[in-house]
Every structure is written in C-alpha cells, then in structure tokens.
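In order, the protein sequences belong to chains A and B. Under our numbering, read the first sequence as residues 65 to 402, first letter to last. Under our numbering, read the second sequence as residues 65 to 402, first letter to last. We treat Cβ as the ideally placed atom computed from N, Cα and C, and that holds for glycine. Fair warning: this is a prediction, and the values are worked out from it, not measured in the lab.
There are 2 protein chains.
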Amino acid sequence: MSVTLKEIAKIANVNISTVSRALNDSPLITQETKDKILAIAQEMNYFPNSLARGLVSHKSETLGLILPKIFFLQGPFFSEVLRGIEQVSVENGYNILIASDTGKDRDKNFPFNLTRAKRIDGMLIINEQQRISNLIALKKERFPFVFINRYIKDQDINCVASNNVQGGKIATEHLIEKGHKRIGIITGSFEMAASHERFEGYRNALKEKELVFDKSLMQEGMFEQGIETGTDCAMKLLEHEEPPTAIFAFSDEIAIGAMQAVKNKGLKIPDDIAIIGYDNIEYSAHLTPPLTTISQDPFTIGYESCQMLIDELCDRKPAKNHLQIPVKLVVRDSCGTE
Amino acid sequence: MSVTLKEIAKIANVNISTVSRALNDSPLITQETKDKILAIAQEMNYFPNSLARGLVSHKSETLGLILPKIFFLQGPFFSEVLRGIEQVSVENGYNILIASDTGKDRDKNFPFNLTRAKRIDGMLIINEQQRISNLIALKKERFPFVFINRYIKDQDINCVASNNVQGGKIATEHLIEKGHKRIGIITGSFEMAASHERFEGYRNALKEKELVFDKSLMQEGMFEQGIETGTDCAMKLLEHEEPPTAIFAFSDEIAIGAMQAVKNKGLKIPDDIAIIGYDNIEYSAHLTPPLTTISQDPFTIGYESCQMLIDELCDRKPAKNHLQIPVKLVVRDSCGTE
DNA sequence: GCCTTGAATGCAACCGTTTGCAAAATAGTA
DNA sequence: TACTATTTTGCAAACGGTTGCATTCAAGGC
Chain A
65 MSVTLKEIAK
75 IANVNISTVS
85 RALNDSPLIT
95 QETKDKILAI
105 AQEMNYFPNS
115 LARGLVSHKS
125 ETLGLILPKI
135 FFLQGPFFSE
145 VLRGIEQVSV
155 ENGYNILIAS
165 DTGKDRDKNF
175 PFNLTRAKRI
185 DGMLIINEQQ
195 RISNLIALKK
205 ERFPFVFINR
215 YIKDQDINCV
225 ASNNVQGGKI
235 ATEHLIEKGH
245 KRIGIITGSF
255 EMAASHERFE
265 GYRNALKEKE
275 LVFDKSLMQE
285 GMFEQGIETG
295 TDCAMKLLEH
305 EEPPTAIFAF
315 SDEIAIGAMQ
325 AVKNKGLKIP
335 DDIAIIGYDN
345 IEYSAHLTPP
355 LTTISQDPFT
365 IGYESCQMLI
375 DELCDRKPAK
385 NHLQIPVKLV
395 VRDSCGTE
Chain B
65 MSVTLKEIAK
75 IANVNISTVS
85 RALNDSPLIT
95 QETKDKILAI
105 AQEMNYFPNS
115 LARGLVSHKS
125 ETLGLILPKI
135 FFLQGPFFSE
145 VLRGIEQVSV
155 ENGYNILIAS
165 DTGKDRDKNF
175 PFNLTRAKRI
185 DGMLIINEQQ
195 RISNLIALKK
205 ERFPFVFINR
215 YIKDQDINCV
225 ASNNVQGGKI
235 ATEHLIEKGH
245 KRIGIITGSF
255 EMAASHERFE
265 GYRNALKEKE
275 LVFDKSLMQE
285 GMFEQGIETG
295 TDCAMKLLEH
305 EEPPTAIFAF
315 SDEIAIGAMQ
325 AVKNKGLKIP
335 DDIAIIGYDN
345 IEYSAHLTPP
355 LTTISQDPFT
365 IGYESCQMLI
375 DELCDRKPAK
385 NHLQIPVKLV
395 VRDSCGTE
C-alpha cells in the first residue's frame, strides 16, 4: 500500500536502518547518503507510519480533549478554547483527539481507555462537574493532564481557568461604584464551579465595601437555558418587596432574559435598574442598551492549557501549574456610561 | 509499563496467541480457557494497545475532522455538527481527530499527512472554500472522505449539506406571500458556497412568481462580521431611490444588524419593512420583534455525514452519497405573523 | 606497511498485536 | 486398540519502524 522504509532501502541500496537515520536526521551518517535517501523518499512520497513509530517510542503525539457527558458546548466560548488549543498543538506537532463521555457501560473506563490504549499522550479535560475521585484516579495513573476552566486548589493538579472570583468581584464593584447598594444576582446552577466562584467574588466585593449580603436578592438559574432563566429569575427579583437597583447576571444570555423582564415591567435600563452580564458574547454590544459585561479570554485559556500539557509531556516542568486567566470589565450602557 | 498480552499469557500459562484469541472472542478456543483468560485480563486491568493493533490491521479506528485554514467555528452551528458526528462515531467505536490547516510550509501535504501516516481511516471535511483540485487529489488517493455542508455535483464525491437552495427559496417565497415584490438581499461572501446556493433559491422563487431580479437590491456582506455587515448593507439598501419593502438576510447575525439599521432610520418592522434571517440562532426568538428565519439542522448534518463515512469504511455502500438536509421556515414576527 | 582510531553502515532485536499454519490434544470410528 | 477427524493450542512471521551493538572502511600515526 504505502511506501515503507524497506522499499526506500531497496532502491537506495542501503540498509533500512540507514534510511531510518537519514529521515530522522541522525548525525551518524554522511551528508551524501542522507541527501540521496531524502531525495528518494521525497520522490516516492514517503510518510512515516505513525502507528509503527508510536509502538516503539511509546508516544502517539496526540492529545486528548476530554469533554463532559452531554457536551453542551454551544456558544463561541468553546470554539475559542479549541482554537487556542489547536494553535499550540500544531506548533508542537501534536494532534487533537476529541472524546466525550457517553456514560455507556462499555466506556465505564472513560477516559482511561484512551490513555491505556496509548492512543493519547496526555489529556485536556473540560468538565465542570468532574468528581474529585476521578481526579485522584488520574493522579494514580501518573497520566499527564490539565484541567481546563476549573480551578482546583490541590497543588498537584494542573489547571488553567478563567478567574471567576475576580470576575464576580469586578462586576460587583462596578455596580457599587455606580452607587448601588442592593445588588441582585442571578447565578447559574451551583453544580457549576463557575457559579460558586463568581458568587465568591460577589461576596468579597460586598464585604470590602461593607455591604451586607442579602440572600433574598439571589436567584439560582441555569446556564443552559440562559434567556428563559434570566426572565424568570429577574421577575422574581422585581417582585421583591424591596427590589434590587441593579442585577448581576452570571451570563450574557441570562442578562438578555433579565433585560426583557425589566422592559416588560416598564422599567428603564439603566435608569431604573442597572444590569451587568458575563461573557461578552457578540450580541451584547448590539442590545438596547448595549450590555456592560465581563469579558473572558477563552483563546488564552485554551492556549495556555495546551502549552502546560505539552511542557509536562516534554518533562519541562512548567513554571506554574495553576493558571488563572484574567477577565476584563467591558463598560457599555446598561449600568450607565463611564 | 502497561499490561501486555505477554504478561497475561505468562500468568494464564498459555501462549500469547491464545490470549489474543480469547480477547477477540475467537470461536477457535474453549469457553473455559476464554473465561479464565478474560478473568485474568480484567484482573490485571488490561487494555489492548491500539497502536500495535492498528499496525497489523491497517486501521486506526479514528476519523479525521478536517477544518478550514483559519477556522472560525463560532456559533452553535459547528458545535451541533460536532455533536452529531460524535454521537455516530462513539456508537461505532471510532475516535475523532480534529485537524485544521495551518497553511504552514511543513503541512503543505495537509490533510494527506494524516491519511498517509495511517493516523486516520477517513475524513470529514468542513471547508467552504476547498479547491476542487484538492478534491481530485483526494479521489486519486482513494481515501474515504465526505464533505460536510458543501454540496458537490460530482456524483463520485460524498457530501452532506444543508439544503441552501431550498432555504433561499422558502425564505423568499414567504416574503412574496406576504405581498412583497421588491425584496432586498444581504448575502454572505460569494466565496462561500452557501451564498451562491441561497442566492440561487432566491432567484428561483422570484422566477416562479414571475418577479424580476433587480441587481441593485443585492448587497454582498461577510458572514464573519455579521452584525456590522448587516447594518452597513441595510443602510445602502435603505438609501436606494426605490428601497425594498423586505430584506432577506443570509444569516441571523446579518439580520440583527439590518434590524438595527432599520430602527435607526425610524422605520418599523415589519410594518415598514419586513426582515427574514437564516440560521435560527438562539437569540433570534428574543429580538424585538422576534425574527422570522430559516432553521437548519446541523446535528443531522453531522450525524449523517459521519454515518456515511463509516458506511464507506465498512464497505457498506451507502444508499445515497449525496444528502441534502432539509431546512425549515420558522415564522415569528419580523415579517408579520401568520 | 601495520595498527589504531573514528566514522559510516549493517545486523538483529524489539515495540505489542494478529493470524496462517503446524502441532498437540481430544473425540469419534471401526 | 489403533487410526482418522476434529478441536484446541502453540509457533513464528508479519505489521513498519527504532536503536544498541557489531562490522566495515578509510584515514592517520608510527
């Protein structure tokens, strides 16, 4: 079928090992033979068989991207993470294998089936809800991996995540600076680490400015149903006997829903009520009014996580194995300008 | 490192080939030994080395997902395609390798480097702008592939795509039924096949209803900059000496931009001007007014394309190798209700 | 001219499977 | 019991590379 070392060797009239060395640019052979062999290989359109190579090198030059069970990767966030990963991986000659947990019986070993089958050299894991027990299993397997978008305190576990605590904090601070004291929040599901962390940032900001946390101003929504959740939860907040003067929505989708609820009530944004979102999705800039929000940096998250994994694979111990990617406040009109 | 056949063989006190047969459920061996070996393998936590397997079977059980050069896969469309692909592939025991063309020198063989290195068994190609010459090269390599989201007339080339001609037609028909005779369009770049096809549908609809095509009502935009493009192009259409009474935008993002332009002009949607979009992104339902649009079925596109590829890999000749996935009209308010 | 040295090449084992064929074990038959 | 037919198992050669070690060869030193 394909061209092999053996065939090249026969034509070049040398031993197969010489061919191998020529192709691997070994210093052991003459420039002359090297050139000759390279020319023939080129001519014959030779490509090394990665399976055979991997078999002896114990490497597959492939990285696994492990996705959650029912992977809802809508939105540009995931695409951007993927772009970051892709960029680093091609630069370093790695391929990306994507695999998501089906939850079926036969993959109860997921994702270890991939690692043990030597299909991948390391894993990038995106899983908001990954059980800690699995993490420990991963460590025991001594299998290189890094967690994406989930900050894990355990110093032994590589991770790179968006700085959600910071994000929650600066969003809240922005509202406080605008003079708000009763700030409602609509979170995502608390099964998501992101919700916890942003919430933590919110409370930190409150505390620093010596504002009390009022549990009745908090509504738990669902990221997956952003807009609906936003309207529903905002309704409840607006029906509060002493309603908030500002709402911090944990995603732009939720914010969009909230804006709708506010408008339905006949209230004006930002005059009657301020709204801040999270994510800076494309449409946010085009809402009426344009949404003030927190912008994450998914490309960098992907980029850095892949870099970290490759560093580990090459036994370059990365300087830091816990990365928090900063977020930025994007001021538009929904909380009042400047 | 990992457990191998040899180690199992030693413990079970049988030959390595017997172990291999036991694990592959060969009918050549006793149930008894089979059970014994399986138990030991389980116990030792054995996983077959896929590289070694692939080396002899000439298969990698991996499918390549080939992405365009600078892959802008924002939006839910790609995620949904991917979900469809993933579902079929895991059902059939295949892994997915993603690879995008970097355009660098060393991958001038892309994507053939992957195929020839035996890293993948077949490819799913997403590339709006793929040159036909490359296609011919693909055929010559006799390498199984299917084109995603691009309909190619050549009967020998597998493809599954959204039915853009139909989409363009029903969108236009909807506007005509609403009484519009001057229908402006804002296309995407004509480097994209999707633009051509939707445009073809538009013209077909016009022709059937005996309306003339007016070139001055057409604006070429860019999908990648949907909202901006939408506003810009809509502006131009509105400045027309005899402006259109309806606008067919080739994406919902473009439609959003167009709606803004229309509102800026102080015109009412749909009374003064009707707008129809394409894609049915999540936010479309939440715009004011909610956007009438064409809904594609990206999950099915992914699903069917992967199925087609696997069929070919298994030498099951697929019934059809040209699939057009139907689209649906989603009526909301931006062209007037029912 | 012979011996040492170092560079270039060849030989062969190995990576972990699969699989055709030979060998052994078992069952079936006369 | 001996002999054939049939399972079941073992042997060894692939698959396509890499790599330590042995070998060859040419050059340099005496």
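Candidates the options, of which the one nearest residue i by Cα
i              : options                        : result
E404 (chain A) : A:V78, A:P112, A:M108, A:I339  : Past the boundaries of the shown model lies residue 404 (chain A); chain A is included only from 65 to 402, so the question cannot be answered.
T236 (chain B) : B:F211, B:F312, B:D218         : B:F312
I234 (chain A) : A:F363, A:P390, A:E71, A:V67   : A:P390
V152 (chain A) : A:I374, A:L387, A:C378, A:K381 : A:I374
M406 (chain B) : B:G186, B:S164, B:K203, B:D296 : There is simply no residue 406 (chain B) to check, as chain B begins at 65 and stops at 402 in what is shown.
N385 (chain B) : B:Q283, B:C223, B:N328, B:I160 : B:C223
E25 (chain A)  : A:F287, A:Q283, A:I291         : Lying outside 65 to 402, the shown extent of chain A, residue 25 (chain A) is not represented and no answer is given.
E144 (chain B) : A:H122, A:P140, A:A103         : A:P140
S124 (chain B) : A:I184, A:L102, A:S164         : A:I184
T357 (chain B) : B:I340, B:Y347, B:E368         : B:I340
A349 (chain A) : A:V229, A:T82, A:D397          : A:D397
Q230 (chain A) : A:K327, A:L270, A:F287         : A:L270
N72 (chain A)  : A:P91, A:S90, A:S253, A:N109   : Looking at the sequence shown, residue 72 (chain A) is not Asn but Ile. Checking every option, the nearest Cα to that of I72 (chain A) belongs to A:N109.
I365 (chain A) : A:Y342, A:I149, A:C297         : A:I149
Y347 (chain A) : B:I333, B:T309, B:E292, B:V120 : B:E292
Residue i (DSSP reduced to helix, strand or coil)
i              : result
T68 (chain A)  : coil
L373 (chain A) : helix
S259 (chain B) : helix
A338 (chain A) : strand
L393 (chain A) : strand
F254 (chain A) : coil
T293 (chain B) : helix
H386 (chain A) : strand
Q360 (chain B) : coil
M282 (chain A) : strand
G248 (chain A) : strand
F211 (chain A) : strand
I311 (chain A) : strand
D99 (chain A)  : helix
V326 (chain A) : helix
S84 (chain A)  : helix
S398 (chain A) : coil
D218 (chain B) : coil
S348 (chain B) : helix
D379 (chain B) : coil
V229 (chain A) : helix
D343 (chain B) : strand
Cross-chain neighbours of residue i in chain A, by beta carbon under 8 angstroms
i              : result
S124 (chain B) : L115
I320 (chain B) : Y347, H350
Beta-carbon neighbours of residue i, restricted to chain B and to distances below 9 angstroms
i              : result
F209 (chain A) : Within 9 angstroms Cβ-Cβ: nothing; F209 (chain A) doesn't reach chain B, min ~17 angstroms.
P71 (chain A)  : The residue you asked about is not Pro; residue 71 (chain A) is Glu in the sequence shown. Going along chain B, no residue has its Cβ under 9 angstroms from E71 (chain A), so there is no contact; the nearest lies around 14 angstroms.
I162 (chain A) : L129, L146, E150, N159, I160, L161, I162
I291 (chain A) : E346, Y347, A349, H350
S359 (chain A) : What S359 (chain A) touches in chain B: nothing, since even the nearest Cβ is about 15 angstroms away.
Residue i beta carbon near the ligand ADP (any heavy atom closer than 7 angstroms)
i              : result
T356 (chain B) : The ligand ADP is not among the ligands present in this structure, which contains no ligands whatsoever.
Contacts of residue i in chain A (Cβ-Cβ under 9 angstroms)
i              : result
P175 (chain B) : Going along chain A, no residue has its Cβ under 9 angstroms from P175 (chain B), so there is no contact; the nearest lies around 11 angstroms.
Interface partners of residue i on chain B, CB under 8 angstroms
i              : result
L324 (chain A) : In the sequence under discussion, the amino acid at residue 324 (chain A) is Gln, which differs from the Leu named in the question. Near Q324 (chain A) (Cβ distances below 8 angstroms), the residues of chain B are H350.
G118 (chain A) : L115
Neighbouring residues, chain A, relative to residue i (Cβ below 7 angstroms)
i              : result
F314 (chain B) : Those within 7 angstroms of F314 (chain B) in chain A number zero; the least Cβ separation is about 17 angstroms.
A181 (chain B) : F111, P112, N113, S114
G407 (chain B) : Any property of residue 407 (chain B) remains undetermined from this structure, which presents chain B solely from 65 to 402.
I212 (chain B) : Ordered by position in chain A, no residue passes the 7 angstroms Cβ test against I212 (chain B), which lies about 15 angstroms from the chain.
F142 (chain B) : S143
Chain-ordered chain B contacts of residue i [CB-CB under 7 angstroms]
i             : result
S66 (chain A) : R180
Runs of alpha helix (DSSP H) lying entirely within the stretch 112-189 of chain A, each at least 4 residues, in chain order: 114-121, 139-155, 176-180
Three or more C-beta pairs below 8 angstroms linking the stretch 264-279 of chain A and the stretch 315-332 of chain A: no
Contact between the stretch 283-301 of chain B and the stretch 244-258 of chain B (3+ Cβ pairs under 8 angstroms): yes
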